[in-house]
Amino acid sequence: MRRAIWILVGIAALIALLVVLWTWIPSIIVQQQVASALRARLQPAGTVAVRARTNALMFIRGRVDRLAIDASGVRLGDVTAERLTVRLRGAVLRSGARDGDMFVSVESGSARVEISQAGIEQFLRTRGVENPSVTIDETGVTATGGVRVGPLLATARLRGQFQAANATDIYFRVTSLDLSGVNVSGSLATTALNLASQPVVSLRGFPVPVTIDRIVSRPGSIEVRARAGRPSP
0 MRRAIWILVG
10 IAALIALLVV
20 LWTWIPSIIV
30 QQQVASALRA
40 RLQPAGTVAV
50 RARTNALMFI
60 RGRVDRLAID
70 ASGVRLGDVT
80 AERLTVRLRG
90 AVLRSGARDG
100 DMFVSVESGS
110 ARVEISQAGI
120 EQFLRTRGVE
130 NPSVTIDETG
140 VTATGGVRVG
150 PLLATARLRG
160 QFQAANATDI
170 YFRVTSLDLS
180 GVNVSGSLAT
190 TALNLASQPV
200 VSLRGFPVPV
210 TIDRIVSRPG
220 SIEVRARAGR
230 PSP
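Be aware that the sequence shown starts at 0, since it is given in numbering that gives the first Met the number 0, and climbs by one per residue.
Here it is in C-alpha cells:
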C-alpha cells in the first residue's frame, strides 16, 4: 500500500514537472523577451508587466496564444505615455528577435496609449516653452507658457490637436497661437515649434506591429487606439 502511494506521488510530481516544462517555462521566456524590449523605452520610474500563454510546441514554432502588456512611463517618440495597454491573440514571433518589432503577425489584438497633461507639458519644455500649463478637453489641447522671441519672453497661448499622419506616427497640429496678444497662424507656429518635421508620438519600432485607428481627446488625457497588425497593402 505504501509503495502504491509513493508511486502515485511520483507520477503526480512527474506530471507537475511536465506541466512546468510544457507551459510555464516557454511562457516565461516570451514574457522576458517582450519586457526586455520595452524596458529600453521606459522612463526611470516606468514599469512594465507582461503575461504570455504558450506551450513548448507552440514556442518551437514561434507562436504565442495570448499576450498582455501593461506599462507606464513609456517613451513613444518625443512624448512619454502615462499608460500603455496591449492585448494580443495568435501572435507569431520573429525568429531571433531581441528588440524592436518582435512579431511577424498577430491574429487579433488591440493597443491603447494614454498621454496625460503632464506628458504634454514635459514635451513642450523640450520645445523651449517655459512653465507650460496644459488643459485637454474633447476639442483638443490648450497650452500656455513663455516662448522666447529673440531676447524677449512672450506669453503664449496655443491650441491644437493630435493627428495621425500614417499607421504609426502622430503629429501635433497647431490651430491657433497667440503671442502676447499677437495672433500667429497655425502653420507658422507649427514650423516655429519644430512640430512638422518629425512625429510627436511614434509607434515605429514597437515590439508589436500596430496600426493607429483613432485618437480620442477627453478631459485630462489623449488616448490613442490601435489595432494589432499592419494595414493591407
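Positions of the beta carbon are idealized from the N, C-alpha and C atoms, including for glycine.
What you are looking at is a predicted structure, and each value in this text was computed from that prediction instead of being measured.
Give the single residue among the options whose Cα lies nearest to the Cα of residue i.
{"i": "residue 218", "options": "144, 206, 116 and 126", "result": "116"}
{"i": "residue 57", "options": "88, 173 and 48", "result": "88"}
{"i": "residue 174", "options": "160, 166 and 164", "result": "160"}
{"i": "residue 25", "options": "44, 47 and 60", "result": "60"}
{"i": "residue 49", "options": "55, 64, 62 and 33", "result": "33"}
{"i": "residue 66", "options": "181, 107, 178 and 158", "result": "107"}
{"i": "residue 102", "options": "143, 149, 141 and 36", "result": "36"}
{"i": "residue 110", "options": "211, 149, 215 and 216", "result": "211"}
{"i": "residue 181", "options": "157, 150 and 138", "result": "157"}
{"i": "residue 78", "options": "55, 85 and 199", "result": "199"}
{"i": "residue 220", "options": "38, 120 and 176", "result": "120"}
{"i": "residue 179", "options": "163, 144 and 206", "result": "144"}
{"i": "residue 165", "options": "54, 150, 137 and 225", "result": "225"}
{"i": "residue 170", "options": "223, 63 and 85", "result": "223"}
{"i": "residue 149", "options": "140, 215 and 127", "result": "127"}
Contact check, residue i vs residue j under 8 Å by CB: the rounded distance?
{"i": "residue 105", "j": "residue 227", "result": "4 Å"}
{"i": "residue 30", "j": "residue 51", "result": "5 Å"}
{"i": "residue 213", "j": "residue 168", "result": "Not really, about 15 Å apart at Cβ, beyond 8 Å."}
{"i": "residue 83", "j": "residue 68", "result": "7 Å"}
{"i": "residue 80", "j": "residue 112", "result": "5 Å"}
{"i": "residue 176", "j": "residue 155", "result": "6 Å"}
Would you list the residues sitting across from residue i in a DSSP beta bridge?
{"i": "residue 82", "result": "71 and 113"}
{"i": "residue 221", "result": "114 and 216"}
{"i": "residue 236", "result": "For residue 236 there is no data in the structure shown, the boundaries of the chain being 0 and 232."}
{"i": "residue 46", "result": "71"}
{"i": "residue 143", "result": "132 and 156"}
{"i": "residue 148", "result": "151"}
{"i": "residue 52", "result": "65"}
Drop a sphere of 10 angstroms on the beta-carbon of residue i, count the other beta-carbons inside from all chains shown, and report buried for 16 or more, exposed for fewer.
{"i": "residue 20", "result": "Caution is warranted here: a pLDDT of 48 is assigned to residue 20, below 50, making its placement in the model unreliable, and the coordinate value is therefore given only provisionally. It counts as exposed."}
{"i": "residue 129", "result": "exposed"}
{"i": "residue 208", "result": "buried"}
{"i": "residue 135", "result": "buried"}
{"i": "residue 152", "result": "exposed"}
{"i": "residue 125", "result": "exposed"}
{"i": "residue 76", "result": "buried"}
{"i": "residue 201", "result": "buried"}
{"i": "residue 46", "result": "exposed"}
{"i": "residue 147", "result": "exposed"}
{"i": "residue 114", "result": "buried"}
Under 8 Å between C-beta atoms, does residue i make it to chain C?
{"i": "residue 164", "result": "Looking for chain C here will not work: only one protein chain is present."}
> What alpha helix (DSSP H) runs, 4 residues minimum, are completely inside the stretch 93-139?
Replying inline: 116-125
> Which parts of the stretch 153-214 are runs of the beta strand (DSSP E), unbroken and 3 residues or longer, counting only runs that do not cross its ends?
Replying inline: 168-178 and 181-183
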